[in-house]
Structures are given as structure tokens and as C-alpha cells.
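Taking my numbering, the leading residue of the sequence shown gets -11, the next gets one more, and so forth. Notes follow the structure.
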Amino acid sequence: MYYFLKPFVKVDTFYHLPLLLLSSLFLVLVYGSPVLHENIVSQHCDQRYNKTLGNYELHNNILDSAKGYGTQCIEGEAKGKDGISWKTAWSWKDSSTFKSFPHIEYIWDEGQAFYFNNIKSIPFTWDWSYEDVPAPINTGKDDDKKGGKAKEDEPLKATVSFELLTYSLETRQVDFQIRIWFGLFGDVDTLGEEVVGTPTFKHEDGIEWKLYKGANNKLTIFTLVPKDKEEIVSLYHDDALPYYNYLVEHGHIPWDAPKGLFKIRAGSQTYAGSKKQFITHFFSINLEQ
């Protein structure tokens, strides 16, 4: 297993240590270059654009309420047997509102089901970065009507989130959303309060994760955020199941109420920023039961 941790020094600069360089070189040798097309105009900019790429669905996923506040485009390609690389380029103004969640969703065979009492591990690899867009974002549309375009110095406000969604085997309703924030930029609301009385989650990545709990209608949302919010995990290769088990062990998810896995998603929740691009150089996941 490996992790790449670094303090949040500057929102548009990431300092890659030898570990990341070696890991990225390994990914290039095995899966080919992780760099996607530089022509931003060729990206897909439709609000609800989605495309199946190998074992994943790629979603642009712009909220209706974001219209007029900026632009966002996306592209991606399958990598090897089980991987994907993709990127989204965007500019949004008004940091008070949530704009989009460009992401990938892991898909499995129709009729196949995964139950947490049978899942042995959820190993995944994620190598990502936030960078400046090298060229203007041209969608061919006028999407900047509300107060003009995003300022050149618009601070980055976004998260990088890996998510597990569960459903009840009794009611067949989606009931829990577990979000792991590998990157937090700006003052982003966790949609809930910090859980007091539950010890921080100390995973083998060396980070202490604080737990927040909120709700969206009948959906309970748990968010795990590094205790030091300046810590960024931009290269992750390990298991997601311990995060779920942590919630069960401390009574936040009932151990006697069987759960099924509804969705696995990975992406960036965006609020504001001027000409930013979120790049997933490589992502792969597997379910073992």
C-alpha cells in the first residue's frame, strides 16, 4: 500500500516527491500515458453528459442552479483492463453555492449484487491532482451571465471525494452515504456536525480522520475529513472497507441491519475557482467477496 501526503501550500501547485514520481512512472509503463488531450474545446460540456468507459460511467453532473455562474467540461478514457483516467476543466464564481460533482461511478454486471457482510475488501488506486487550465475554457455557450466571468484570482473552493452509498436489504432504500475527503480546498461545508464522543479514525495512511454526520432527506451522510484539513492525499492505494467498518464498530451504522452496496463514486465537488482542472491520472477499483 502507498499514500502521498502533503500540506496544502498553494491551491494551484502540487509538489511531487520521488514516491509519486516512481508510482506515476509505474502507471505510465503499465497503462500508458495518464495525460489526456490538452485541447479543452474537444471536451464534453453538456450539463448532464455521461459516458460508459470500461467499468466506469463518467458524469459531468452540473447542477441546474449553477447555470450562469461559469463553465465546466469533461473528458476521459479507459486504461487497461480495470482503470480509467479523466479530467474536468472548470471556472465557477460565487463560492457560497455548490456547482457540480464531476465524477466516475464504478459499474458491475447487471444482476450482480454486493452485500457488506460478504465483502472482504474494496481495494482501489487513485492518483489525482488539481492544476491550472493551460487554455481558456470554450464551451461555445454563454454560461457566464450572472455577474460576469469568474475572477482571474477566484480562490479554489472544492473537495476531492470518494464515496460509498449503501442500501437496506429490508426496505431496498438507499440509507447511508460515506464520503472520504482526500482533498479539501477552502471553507467547504461538511453538511453536518462533527460527531463528538467517537474517536478519530486512524487508518494505516497515518492520517487521523474526523467524523461528521449530516442528512439529506432520509439519507444519512457521514463525511471523513483529515483532522489536519491541510493534509492532502493525492495518491492512494489501499482498501476502502475499513472506513465502513469503523462506522459499524462505533454504532453509527447498525451491525444487525444488513446493507448492500448501492454505488461507488469518485470525483470533485466544486464551488468556485478560476480556470481550474481536476485530473485523475489513474483510477482503478475492485470488489472482493
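Backbone N, C-alpha and C define an ideal beta-carbon position, used for all residues, glycine too. Being a predicted model, the structure only gives us computed values, none of them experimental.
Give me the Cα-Cα distance between residue i and residue j, rounded to the nearest whole angstrom.
i       : j      : result
Lys108  : Phe102 : 10 Å
Gly248  : Phe104 : 6 Å
Asn205  : Phe164 : 11 Å
Lys69   : Thr40  : 14 Å
Phe86   : Lys67  : 30 Å
Phe210  : Gln31  : 33 Å
Lys217  : Leu172 : 7 Å
Lys75   : Cys61  : 9 Å
Leu9    : Leu157 : Bear in mind that the predicted position of Leu9 carries a pLDDT of just 37, short of 50, making it unreliable; the figure below should be weighed with that in mind. Each residue's alpha carbon lies about 43 Å from the other.
Glu45   : Glu65  : 11 Å
Gln265  : Gly58  : 14 Å
Asn49   : Ser88  : 6 Å
Glu181  : Arg36  : 31 Å
Gln100  : Lys251 : 13 Å
Phe14   : Lys55  : Note that Phe14 scores 41 on pLDDT, short of 50, meaning its location in the model is unreliable and no value can be drawn from it.
Leu144  : Ile110 : 31 Å
Ser284  : Thr159 : The requested residue 284 does not occur in the structure, where the chain is confined to residues -11 to 277.
Pro(-5) : Asp226 : Legend: pLDDT at Pro(-5) = 37, less than 50; position of this residue unreliable, value from coordinates given subsequently. Their Cα atoms are separated by approximately 21 Å.
Taking C-alpha atoms, which residue in the options lies nearest to residue i?
i      : options                        : result
Ala245 : Glu219, Thr258, Lys69, Gln161  : Gln161
His191 : Val176, Tyr232, Leu172         : Tyr232
Val148 : Thr258, Gln35, Ile273          : Thr258
Asp141 : Phe89, Glu98, Lys81            : Lys81
Gln176 : Lys263, Ser256, Ala54          : What sits at residue 176 in the sequence shown is Val, not Gln. The shortest C-alpha separation from Val176 is found at Ser256.
Ile267 : Ser53, Arg36, Ile72, Asp52     : Ile72
Gly202 : Phe250, Leu144, Lys251, His240 : His240
Ala254 : Ser83, Ala228, Tyr234          : Ala228
Trp78  : Gly194, Pro230, Val183, Glu119 : Glu119
CB-CB under 6 Å to residue i, same chain, minus the five flanking residues each way: which ones, in chain order?
i      : result
His47  : Asn38, His91
Trp243 : Val236
Asp115 : Leu223, His269, Phe270
Ile273 : Tyr94, Phe112
His238 : Thr186
Ser83  : Lys145, Tyr259, Ala260
Between which residues of its own chain and residue i is the CB-CB distance below 8 Å, once the five residues before and five after are set aside?
i      : result
Trp96  : Asn43, Phe102, Leu275
Leu207 : Val162, Asp163, Phe164, Gln165
Thr188 : Glu196, Trp197, Lys198, Leu199, Lys215
Suppose the cutoff is 7 Å on Cβ atoms and the five residues either side in sequence are ignored; what does the same chain contact list for residue i look like?
i      : result
Glu26  : Residue placement at Glu26 is flagged as unreliable, the pLDDT there being 39, under the threshold of 50; the coordinate-derived value follows with that caveat. Excluding sequence neighbours, Glu26 sits near Pro122.
Gln283 : This structure leaves residue 283 out entirely; the chain is present only between -11 and 277.
Val213 : Trp169, Leu172, Thr178, Trp197, Lys198, Tyr200
Asp34  : Asn48
Let me know the secondary structure DSSP gives residue i once reduced to three states.
i      : result
Asp52  : helix
Pro214 : strand
Leu229 : helix
Tyr234 : helix
Thr178 : coil
Ile195 : coil
Val221 : strand
Glu151 : strand
Ser84  : coil
Arg253 : strand
Gly42  : coil
His240 : coil
Lys264 : strand
Meets three-Cβ-pair contact criterion under 8 Å: the region 139 to 157 and the region 195 to 205:
no
With contact counted as at least three CB pairs below 8 Å, one residue from each stretch, are the region 207 to 227 and the region 158 to 172 in contact?
yes
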